[in-house]
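Input: a single structure, listed below in structure tokens.
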Amino acid sequence: MRFEGRAGIVTGGSSGIGRAIAHRLTSEGASLVLVAAPQDDEQLAEVVNELETSGAAVVGIAADVGEPDTAERAVSTTLERFGRLDLLANNAGIAYFECLFDTPVEHLDHTLHVNVRGMFLMGLAAARAMAERGGGAIACTASTASFAGEEQQVTYNISKGGVAELVRSMAVDLAPHGVRVNAVAPGWVLTPATEEIVADPGEWSKHRSRIPLDRPAEPAEIASVVAFLLSADASYMTGSVVVADGGLTAGYRSSDWEALPQARAPRTPVRP
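According to the working numbering, the sequence shown is numbered sequentially starting from 61.
Next up, the structure:
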């Protein structure tokens, strides 16, 4: 119960990693305000109901994280409802997967609006409230794309590079105010956004061969890293981007891989 008596905000809380973060933090005692995009209001209501059924204190807000009013509303709601703000899981993000030559500038604008502007606004509003109370912790969701370009997702790569630098910059500026800022950088995670790729043997075989652990992460595995970064267990960490990618960026195996699953011939028993 590392977060008993603590209150926080989780953005992108209606599904995937954000939903898992909400479950993890409330299971350890946190009271939460969950923020999700307006079009995800029904999913958000389902998550709020799940958590309330388990006994957690939770409020849902369906709003655009890239708008300043959303951050101010989330912070004021947390303070009014719970009397304090200690934690922020700055998780909301979107991605376009498309050929570079077919990428309109509007997709870049939209991705930066959510993934960078949204994290900046929410982080700044939360940090102000935390600094007034003497401290707090922020954990942002970065990506392995923060370090390396990934094919057919240029706008996402740009935005996640920005998230990593946002974390470092905020960590330096907020350290005197007792506010720690870190990030988790997931690789492949089994979420609604990736499940179609993972389910396609031809498509997934191209990715799994680069992951030494040979599987995508479950959202709960990323949520556990976020919970650590937000907890007092990480009290001497700020400005860190912690990779949780199954070994993807460490290197990759070249043995025991096949492009597609193939039927194997029956083994002939060996006589002694």
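We put the beta carbon where it would ideally sit given N, CA and C, even for glycine.
| Asked | Found |
| --- | --- |
| Taking the alpha carbon of R193 as the reference point, which residue from L139, R268, N217 and K220 has its own alpha carbon closest? | L139 |
| So for I154, helix, strand or coil by DSSP? | coil |
| Note down, in chain order, each residue of its chain lying with its Cβ closer than 8 Å to the Cβ of A191, except the 5 sequence neighbours on either side. | L234, H237, G238 and V239 |
| Nearest by alpha-carbon distance to L145: which of Q99, A131 and M61 is it? | A131 |
| Where do the ends of the alpha helix (DSSP H) carrying P98 lie? | Note, P98: premise wrong, no alpha helix (DSSP H); not H, not E. |
| What residue range does the alpha helix (DSSP H) around T201 cover? | No alpha helix (DSSP H) holds T201; the beta strand (DSSP E) holding it covers G196 to T201. |
| DSSP on L308, reduced to helix/strand/coil? | coil |
| Taking the alpha-carbon positions, what's the P252 to E110 distance? | 18 Å |
| If you follow the alpha helix (DSSP H) that I282 is in, where does it begin and where does it stop? | P279 to L290 |
| Which residues bound the alpha helix (DSSP H) around E175? | A quick correction: the sequence has Asn, not Glu, at residue 175. First-last for N175: undefined, no H or E at that position. |
| Decide if D305 is buried, meaning its Cβ has at least 16 other Cβ atoms within 10 Å, or exposed. | buried |
| What's the C-alpha gap between I121 and S265? | 38 Å |
| Spatial neighbours of S284 within its chain, please: C-beta separation below 8 Å, excluding the five flanking residues on both sides. | R84 |
| Less than 8 Å separating the beta-carbons of T204 and A245? | yes |
| Please list, in chain order, all residues of the same chain as A80 whose beta carbon is under 6 Å from its beta carbon, the five residues on each side excluded. | P279, A280 and A283 |
| Would you mind giving the Cβ-Cβ distance between I271 and G311, rounded to the nearest angstrom? I have them listed as a contact below 8 Å. | That pair is no contact at about 11 Å. |
| Can you give me the C-alpha to C-alpha distance between T274 and R268, rounded to a whole angstrom? | It is Asp, not Thr, that sits at residue 274 in the sequence shown. Whole-angstrom Cα-Cα distance: 5 Å. |
| Between the segment 66–74 and the segment 90–100, are three or more C-beta pairs nearer than 8 Å? | yes |
| Looking at the secondary structure, which residues open and close the beta strand (DSSP E) in which A67 lies? | A67 to T71 |
| Since P236 sits in a beta bridge, which residues does DSSP pair it with? | None, per the DSSP bridge assignment. |
| Would you mind stating whether V118 and T137 have Cβ atoms separated by less than 8 Å? | no |
| For the segment 198–273, list the beta strand (DSSP E) runs that are entirely contained and at least 3 residues long, ordered along the chain. | 239–246 |
| Alpha carbon to alpha carbon, how far is E112 from A277? Give it in angstroms, no decimals. | 26 Å |
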